[in-house]
Amino acid sequence: MQYVEKVLSELKAKNPNEPEFHQAATEILNGLKPVIERHPEYEKAALLERFVEPERVILFRVPWVDDSGAVHVNKGYRVQFNSAIGPYKGGLRFHPSVNLSIIKFLGLEQILKNSLTGLPIGGGKGGSDFDPKGKTDHEIMKFCQSFMTELYRHIGQDTDVPAGDIGVGGREIGYLFGQYKRIRDEHVGVLTGRGLSYGGSLARKEATGYGLVYMTEEALKCRKDSFKGKTVIVSGSGNVAIYACEKAQSLGAKVVAMYDSNGYVYDKNGIKLDVVKQIKEVERGRLKEYADRVQGAEYREGCKGIWTIPCDIALPCATQNEIDKESAETLVKNGVKYVGEGANMPSTLEAIAVFQKAGVVFLPAKAANAGGVATSALEMAQSSGRLFWSFEEVDAKLKTIMINIYHNMDDAAKEYGVEGDYVAGANIAGFKKVAEAMMAHGIV
Ligand code: NDP
């Protein structure tokens, strides 16, 4: 389709050296072709050109002093991508690999993900190339305070509401919130993922992982199947991975492997999640230690080998492009039937093609991991209403949202003649509302 090709080639020319952004835009715009065909008015209004250009990109310096007195300077980013349907919403990532390309790919995905939740939230993303690994609590606090000393002027409860992502969990959100409150002198829901003692929501910590499993469970149910007795691989061992593992296990699955950025553990008897939680959440240690503590478990250096372990269901929950074509082919050869993306863009475009060709039920990130941001929006609702819902209430709402997203993308795929293609289905279902709002707002 000429219009989509033109927008993609302009995007690549205007934004060179942004491969992750190109990858996400290619996946999204290709999936939108059936909608664009039905709406020629979108091309006249340059809707796609506006959709792929962030409304605002903020780049800033983050200077901080470590415990030995040495001065460091990191880069800070906030991409306020699209506010057509609500205030910008999306996480902050602290990881040495962070650059503009990564933040833009995440922001673009976030627009459609947030729309899919059915809640009034726009898309944004931010972060820094700061590496929290090996830093003391005091250093983390100094960094977070410096980061917020610039970011505070760009965000607000009705403007832009950041949350966590890789490297940003409860501790970091606490320090960021403390600094925002100090500078602005207001105790409002400007960040989500907050602690329960200062405005957080129950079930937010669990939401992305649980949500991923709720959606996968619905996909299984629609095929008269369930998690019971299934062999599952969950990559990563951070927030999303831990709670995906917990919910899958509670539904009767056997999770046999997980990893961190150094290597993976294979436990044929089923991962002991309390040991993983102790190592990763309490001690902030390395997964390697799991094999020292659990008899019969094996640890192997490097991550890629995890995908050679046979499984029925793969839940990649670590980072972008963790499953390439070769890993996808190995998974298919070993009998994988379902892939649910907990991380953002964990499968390369080539890997997705392998899964789809083999008839694997492929649940793309923007739908499958939307439970985190959906629960963040529930946290915002509780903050505005000065309410505090029970764990069961939030969890029940989360489950309903995930089941609805599954059926919305399934229906959209059917409506546009691409039944079973959930990549297209999710893109279409998310885009329709954003496009309608953008058209209603005129050329802005
Ligand atoms: P965490 O920082 O809690 O955990 C990340 C996990 O992935 C860690 O185990 C980390 O290993 C591993 N990891 C990170 N980078 C790499 C890499 N390059 N290679 C191998 N392993 C890696 O992050 P989250 O769990 O919050 O996020 C995981 C994914 O889920 C990300 O893609 C994020 O964007 C996505 N996501 C998160 C949401 C949330 O609510 N938190 C919501 C929606 C999506 P190590 O410990 O060694 O660093």
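Quick note: the sequence shown uses this note's numbering, first residue -3, plus one each step. In this text, a Cβ means the ideal position worked out from N, Cα and C, and glycines have one as well. Values in this document were obtained by computation on a predicted structure and should not be read as measured data.
Kindly indicate which three-state DSSP category residue i falls into: helix, strand or coil?
| i | result |
| --- | --- |
| D415 | Asp is not the amino acid found at residue 415; the sequence shown has Glu there. Of the three classes helix, strand and coil, the one that applies to E415 here is coil, per DSSP. |
| V390 | helix |
| L311 | strand |
| E297 | strand |
| Q76 | strand |
| N95 | coil |
| M341 | coil |
| V335 | strand |
| V358 | Per the sequence shown, residue 358 should be read as Phe rather than Val. If DSSP states are grouped into helix, strand and coil, F358 belongs with the strands. |
| L374 | helix |
| K350 | Residue identity differs from the one stated: residue 350 is Val in this sequence, not Lys. In this structure, V350 counts as helix in the three-state DSSP scheme. |
| V369 | helix |
| S231 | strand |
| G225 | coil |
| G174 | helix |
| G166 | helix |
| G191 | coil |
| G421 | helix |
| G438 | coil |
| G152 | strand |
| R219 | coil |
| D181 | coil |
Under the DSSP definition of a beta bridge, which residues are partnered with residue i?
| i | result |
| --- | --- |
| Y(-1) | According to DSSP, Y(-1) bridges with nothing at all. |
| H68 | W60 |
| S124 | G72 and F90 |
| M254 | V261 |
| A159 | G87 |
| T204 | DSSP output for T204 lists no bridge partner at all. |
| R52 | Q76 |
| V31 | Note: V31 sits in no beta bridge, so no partner. |
| L319 | Here the sequence assigns Ile to residue 319, which means Leu is not the residue at that position. In DSSP, I319 forms a bridge with S343. |
| G118 | Y84 |
Which term fits residue i, buried or exposed, when burial requires 16 or more other beta carbons within 10 angstroms of its beta carbon?
| i | result |
| --- | --- |
| S124 | buried |
| G160 | buried |
| F387 | exposed |
| T212 | buried |
| G225 | exposed |
| M254 | buried |
| T315 | buried |
| Q76 | buried |
| Q245 | buried |
| H91 | buried |
| I442 | The structure shown does not extend to residue 442, since the chain is modelled only from -3 to 440, so the question has no answer here. |
| L192 | exposed |
| M376 | buried |
| K10 | exposed |
| V440 | exposed |
| R74 | buried |
| S188 | Strictly speaking, residue 188 in this sequence is Thr, with Ser absent from that position. By the neighbour-count rule (16 or more Cβ atoms within 10 Å), T188 is buried. |
| G413 | exposed |
_Any beta strand (DSSP E) of 3 or more consecutive residues that is wholly inside the stretch 265 to 292_ = DSSP runs (the beta strand (DSSP E)) wholly in the stretch 265 to 292: none.
*With a cut-off of 8 Å, do at least 3 Cβ pairs link the stretch 175 to 186 to the stretch 107 to 122?*
The count of Cβ pairs closer than 8 Å, one atom from the stretch 175 to 186 and one from the stretch 107 to 122, stays below three, leaving the stretches out of contact.
*Are the stretch 267 to 277 and the stretch 241 to 252 touching, with three or more C-beta to C-beta distances below 8 Å?*
Segments in contact, yes.
*asked:* Contact between the stretch 149 to 168 and the stretch 261 to 268 is defined here as three or more beta-carbon pairs at a separation below 8 Å; is this criterion met?
replied: At 8 Å Cβ cutoff, the stretches do not touch.
*Three or more beta-carbon pairs under 8 Å between the stretch 171 to 180 and the stretch 133 to 142, yes or no?*
Yes: at least three Cβ pairs fall under 8 Å.
*asked:* I want to know whether the stretch 4 to 24 touches the stretch 81 to 89 - three or more CB-CB distances under 8 Å.
replied: No, they do not touch.
*State whether the stretch 197 to 207 contacts the stretch 392 to 410, with contact taken as three or more CB pairs (one from each stretch) at a distance under 8 Å.*
Short answer: they touch.
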